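See below for the structure under consideration.
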Amino acid sequence: MSHPRRSAVLAWGATSTGTATLLARLNPPGFAGAALEIALGQPAPCTGSLRHLRVHVLTGPVSGSQDFRIYRNGIATDVVAQLGAGETDASDVTHTADVNAGDIIEARAETSGAVTGALYVSATCLLLGP
(Lines of atoms letter the chains of each structure in order from A and count residues from 1; the text may use other names and numbers.)
(Lines give C-alpha, C1' and ligand atoms only; values in the text may rest on other atoms or scores of the structure.)
Protein backbone atom coordinates (compact mmCIF):
# COMPACT_ATOMS: atom_id res chain seq x y z
CA MET A 1 0.00 0.00 0.00
CA SER A 2 1.34 3.37 -1.01
CA HIS A 3 1.22 6.25 1.44
CA PRO A 4 0.51 9.77 0.17
CA ARG A 5 3.28 12.31 0.48
CA ARG A 6 2.82 14.73 3.38
CA SER A 7 3.11 18.41 2.63
CA ALA A 8 2.37 21.78 4.18
CA VAL A 9 2.51 25.41 3.19
CA LEU A 10 4.26 27.61 5.75
CA ALA A 11 3.30 31.29 5.70
CA TRP A 12 4.62 34.52 7.22
CA GLY A 13 3.78 38.21 6.99
CA ALA A 14 4.77 41.67 8.17
CA THR A 15 3.48 45.20 7.85
CA SER A 16 6.99 46.51 7.19
CA THR A 17 10.50 45.09 6.94
CA GLY A 18 12.13 48.23 8.33
CA THR A 19 15.03 50.34 7.14
CA ALA A 20 18.69 49.93 6.14
CA THR A 21 20.81 47.28 7.89
CA LEU A 22 17.87 45.80 9.78
CA LEU A 23 17.30 42.07 9.98
CA ALA A 24 13.53 41.69 10.24
CA ARG A 25 11.77 38.49 11.15
CA LEU A 26 8.46 37.90 9.44
CA ASN A 27 5.62 36.68 11.63
CA PRO A 28 3.65 33.45 11.27
CA PRO A 29 -0.14 33.79 10.99
CA GLY A 30 -1.80 35.15 14.12
CA PHE A 31 1.11 37.41 15.11
CA ALA A 32 0.48 40.45 12.91
CA GLY A 33 1.82 43.61 14.45
CA ALA A 34 4.42 41.91 16.67
CA ALA A 35 7.69 43.80 17.05
CA LEU A 36 10.24 43.16 14.30
CA GLU A 37 12.93 42.09 16.74
CA ILE A 38 10.88 39.25 18.21
CA ALA A 39 11.97 35.87 16.86
CA LEU A 40 8.78 34.07 15.91
CA GLY A 41 9.26 30.75 14.22
CA GLN A 42 6.89 27.92 13.60
CA PRO A 43 7.58 24.23 14.07
CA ALA A 44 7.85 22.10 10.95
CA PRO A 45 4.79 19.82 10.98
CA CYS A 46 6.66 16.97 9.30
CA THR A 47 10.09 15.90 8.14
CA GLY A 48 10.79 16.93 4.57
CA SER A 49 12.25 19.50 2.23
CA LEU A 50 11.53 23.22 2.18
CA ARG A 51 11.23 24.63 -1.33
CA HIS A 52 9.46 27.17 -3.54
CA LEU A 53 9.81 30.30 -1.42
CA ARG A 54 7.55 33.03 -2.78
CA VAL A 55 7.41 36.62 -1.54
CA HIS A 56 4.85 39.28 -2.42
CA VAL A 57 4.77 42.87 -1.15
CA LEU A 58 2.43 45.77 -1.75
CA THR A 59 5.32 48.26 -1.95
CA GLY A 60 8.87 47.16 -2.77
CA PRO A 61 12.06 48.38 -1.07
CA VAL A 62 13.39 51.82 -2.04
CA SER A 63 16.86 52.25 -3.65
CA GLY A 64 18.18 48.86 -2.56
CA SER A 65 17.25 45.22 -2.29
CA GLN A 66 16.06 42.81 0.36
CA ASP A 67 16.86 39.15 0.74
CA PHE A 68 14.09 37.00 2.19
CA ARG A 69 15.72 33.89 3.65
CA ILE A 70 14.42 30.78 5.38
CA TYR A 71 16.10 29.84 8.68
CA ARG A 72 16.05 26.41 10.30
CA ASN A 73 16.63 26.40 14.07
CA GLY A 74 18.22 29.86 13.80
CA ILE A 75 20.64 28.89 11.01
CA ALA A 76 20.34 30.37 7.51
CA THR A 77 19.48 27.98 4.68
CA ASP A 78 20.16 28.37 0.96
CA VAL A 79 16.46 29.09 0.34
CA VAL A 80 16.45 32.84 -0.40
CA ALA A 81 14.48 35.18 -2.66
CA GLN A 82 15.87 38.61 -3.54
CA LEU A 83 13.46 41.50 -3.97
CA GLY A 84 14.99 44.38 -5.94
CA ALA A 85 14.22 48.07 -5.51
CA GLY A 86 10.61 48.76 -6.46
CA GLU A 87 9.82 45.10 -7.16
CA THR A 88 6.76 43.46 -5.64
CA ASP A 89 7.43 39.74 -6.24
CA ALA A 90 10.39 37.44 -5.68
CA SER A 91 10.87 33.69 -5.50
CA ASP A 92 13.39 30.90 -5.10
CA VAL A 93 12.27 27.74 -6.86
CA THR A 94 15.81 26.32 -7.16
CA HIS A 95 17.14 25.77 -3.63
CA THR A 96 15.88 23.36 -0.97
CA ALA A 97 16.56 22.79 2.72
CA ASP A 98 15.96 19.56 4.62
CA VAL A 99 14.08 19.85 7.93
CA ASN A 100 12.95 17.49 10.66
CA ALA A 101 9.52 17.52 12.27
CA GLY A 102 9.61 20.06 15.10
CA ASP A 103 12.46 22.18 13.70
CA ILE A 104 11.72 25.88 14.12
CA ILE A 105 11.33 27.54 10.73
CA GLU A 106 11.57 31.32 10.30
CA ALA A 107 11.45 33.73 7.37
CA ARG A 108 13.68 36.79 7.72
CA ALA A 109 14.23 39.87 5.58
CA GLU A 110 17.65 41.51 5.36
CA THR A 111 17.94 44.98 3.88
CA SER A 112 20.91 45.80 1.67
CA GLY A 113 21.22 49.52 1.08
CA ALA A 114 17.49 50.17 1.04
CA VAL A 115 16.38 53.47 2.50
CA THR A 116 12.97 51.99 3.29
CA GLY A 117 12.12 48.29 3.35
CA ALA A 118 9.16 46.56 1.78
CA LEU A 119 5.63 47.19 3.02
CA TYR A 120 2.85 44.64 3.59
CA VAL A 121 4.89 41.50 3.04
CA SER A 122 3.66 37.96 2.64
CA ALA A 123 5.89 34.94 2.17
CA THR A 124 5.09 31.27 1.65
CA CYS A 125 7.25 28.17 1.42
CA LEU A 126 6.29 24.58 0.60
CA LEU A 127 7.34 21.79 2.94
CA LEU A 128 7.23 18.55 1.01
CA GLY A 129 7.50 15.37 3.06
CA PRO A 130 9.16 12.10 2.06
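Counting from -19, one number per residue, gives the positions in the sequence shown under the working numbering. Backbone N, C-alpha and C fix where the C-beta goes; we use that ideal spot for every residue, glycine too. Given the structure is predicted, the values throughout are model-derived calculations rather than measurements.
- With respect to Ala(-9), Val35 sits apart: the two C-beta atoms are not nearer than 9 Å.
- Between Leu30 and Val79, the C-beta spacing is below 9 Å.
- Glu67 has no beta-bridge partner at all, per DSSP.
- Beta-bridge pairing by DSSP links Cys105 to Leu(-10).
- Under DSSP, Leu20 forms no beta bridge with any residue.
- Separation of the CB atoms of Leu63 and Pro41 is rounded to 6 Å, and the pair is thereby assigned contact status at 8 Å.
- For Ser43, DSSP records no beta bridge to any residue.
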